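Engineer: Under my numbering, read the sequence shown as residues 51 to 115, first letter to last.
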Amino acid sequence: MLPINLRRMRDEKIEQLKKGNNAFAETDELIRLMKRAIDKECLHVELDKTDAGCWFIPMSNSKTS
Numbered sequence: 051m052l053p054i055n056l057r058r059m060r061d062e063k064i065e066q067l068k069k070g071n072n073a074f075a076e077t078d079e080l081i082r083l084m085k086r087a088i089d090k091e092c093l094h095v096e097l098d099k100t101d102a103g104c105w106f107i108p109m110s111n112s113k114t115s
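(1) In the structure shown, what three-state DSSP assignment does Asp101 receive?
(2) With Asn55 as the anchor, note down where its alpha helix (DSSP H) starts and where it stops.
(3) Going by the DSSP bridge assignment, what does Ile107 pair with across the sheet?
(4) Tell whether a beta-carbon distance below 8 Å holds between Ile81 and Ala73.
(5) Can you list, in chain order, the residues of its chain with a C-beta nearer than 8 Å to that of Pro53? Leave out the 5 residues immediately preceding and following it.
See the structure below:
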């Protein structure tokens with residue numbers, strides 16, 4: 051089971067993406083959770099992986115119909 055803080059962080063970052071804002075995930079586990087949620091929500095997001103973590107950058111048309 052996921053710790054509550056990871057779930058909350060994931061949910062907050064997904065909401066940021068839905069609003070058109072960038073989101074950053076620092077850990078491999080949070081990055082994995084973000085990718086799953088992005089797929090589930092059908093968000094169009096560009097990933098920019100760095101040594102420190104991963105930026106999630108929403109594309110102009112962030113949700114499909």
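C-beta: ideal position from N, C-alpha, C; glycine also. Only a predicted model underlies this, so the values are computations on that prediction, with no experimental measurement involved.
Structural biologist: Quick answer:
(1) As a first step, residue 101 must be located in the sequence shown, where it is residue number 51. DSSP places Asp101 in the coil class of the three-state scheme, outside both helix and strand.
(2) Working through the sequence shown from its first residue, we reach residue 55 at position 5. Bounds of the alpha helix (DSSP H) holding Asn55 are Ile54 to Lys68.
(3) Along the sequence shown, read from residue 1 onward, the residue named residue 107 stands at position 57. Paired residues: Glu96.
(4) Reading the sequence shown from its first residue, position 31 is the one you call residue 81. Reading the sequence shown from its first residue, position 23 is the one you call residue 73. It is not a contact, given that the beta carbons lie outside the stated cut-off.
(5) By one-based count along the sequence shown, residue 53 stands at place 3. Taken in chain order, the list of residues that qualify is empty.
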